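>
In my numbering, the protein residues as written are 63 to 346.
1) For the candidate residues 125, 134, 174, 129, whose alpha-carbon lies nearest to that of residue 347?
2) Looking at residue 213 and residue 129, is the spacing between their C-beta atoms short of 7 angstroms?
3) Please report how far the alpha carbon of residue 125 lies from the alpha carbon of residue 166, in whole angstroms.
4) Do the CB positions of residue 247 and residue 206 come within less than 7 angstroms of each other?
5) Ends of the alpha helix (DSSP H) at residue 151?
6) Under the three-state reduction of DSSP, which class applies to residue 277: helix, strand or coil?
7) Quick check on this structure: which residue in 172, 222, 262 has the alpha carbon closest to the alpha carbon of residue 194?
8) Strictly by DSSP, which residues pair up with residue 190?
9) Please report the straight-line C-alpha distance between residue 68 and residue 92, rounded to a whole angstrom.
10) For the structure I just gave you, are there three or more beta carbon pairs, one from the segment 330–338 and one from the segment 299–315, closer than 8 angstroms?
11) Tell me, please, whether the segment 240–254 touches the segment 300–309 by the rule of three or more beta-carbon pairs shorter than 8 angstroms.
12) According to DSSP, what are the bridge partners of residue 209?
13) Given the structure, does residue 176 come close to the ligand GTP, in the sense that its CB is under 6 angstroms from one of the ligand's heavy atoms?
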């Protein structure tokens, strides 16, 4: 349907899903539909006909859930949200304005709660390029926790890679870029991200997992990433992980002045980058 928005949200019994849906409904008004895909044993997703809920019967990966949502969607515009992301006022209007101007792929900004140190560390480590304080412009890839895509793009590049537990959004949006679509980042279309990463152990584990699947993306798109040959060898990635982690952490803070107010997170972010390097080495 031309100009109609399908907002797709994967969930695995996420505690915030009810609030996520409510805020998205308020933003969309009568301009689209909301499709929630996954498991909702606590019945937090409205069952009053205002939301299309696709019960997968068993837990499925985020890529599988999003693909099911895409296949069920009626809209010409496909919006993607995660079940732990609360949209901020103006979110839908800003994304729609860019799509109406002719952009085909638009990613929004990420805000992080600051009440939990490790949640803040995770958000900065994983999404430092996409924080709402960052400037707008073109990106080399975009995350699907806050993304708008014209259906034409999906019809051309295909669905998400369901074999990937992490990094499937990077793979998907790189495929879009290689197909000739510009990936535009608009920080004003913001969400607040509340991941269930509240201690060092979970942040470390997700760092390892992200690195593992990043290795797969880097092997698949070696020319796109322009990774130095030395860092394409697992032995050297593992051996040089303290140096690489330090370089990446310093680069993050020097190239993104908005991060300076979060400088107290730098030691923990350094640890997440070591975890990421070890994950890359294991996945190579």
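The C-beta atom is built at its ideal place from N, Cα and C for all residues, glycine as well.
These numbers come from a predicted model, not from an experiment.
Per the coordinate set shown:
1) Residue numbering for the chain in the displayed model covers 63 to 346; residue 347 lies beyond these limits and cannot be assessed.
2) Walking along the chain shown from the start, residue 129 turns up at place 67. Walking along the chain shown from the start, residue 213 turns up at place 151. No, the Cβ-Cβ distance between residue 129 and residue 213 is not below 7 angstroms.
3) Looking up residue 125 in the chain shown gives position 63. Looking up residue 166 in the chain shown gives position 104. If I take the Cα positions, the gap works out to 20 angstroms.
4) Sequence index remark: in the chain shown, residue 247 carries index 185 (1-based). Sequence index remark: in the chain shown, residue 206 carries index 144 (1-based). Contact check for residue 247 against residue 206 fails: the beta carbons are separated by 7 angstroms or more.
5) Along the chain shown, one-based indexing puts residue 151 at 89. Counting along the chain, residue 151 falls outside any alpha helix (DSSP H), and DSSP gives it neither H nor E.
6) Counting from one through the chain shown, the residue named residue 277 turns up at place 215. In this structure, residue 277 counts as helix in the three-state DSSP scheme.
7) The residue you call residue 194 lines up with position 132 of the chain shown. If we check each option's Cα against that of residue 194, 172 comes out closest.
8) The sequence position of residue 190 within the chain shown is 128, counting from 1. Bridge partners of residue 190: none, in fact.
9) By one-based count along the chain shown, residue 68 stands at place 6. By one-based count along the chain shown, residue 92 stands at place 30. Residue 68 and residue 92 have their C-alpha atoms some 11 angstroms from each other.
10) The way I'd put it, the segment 330–338 does touch the segment 299–315; three or more beta-carbon pairs between them come closer than 8 angstroms.
11) Verdict: no, contact absent.
12) Translated into positions along the chain shown, residue 209 becomes position 147. The partner list for residue 209 (beta bridge, DSSP) reads 142, 169.
13) This structure lacks the ligand GTP; in fact it carries no ligand of any kind.
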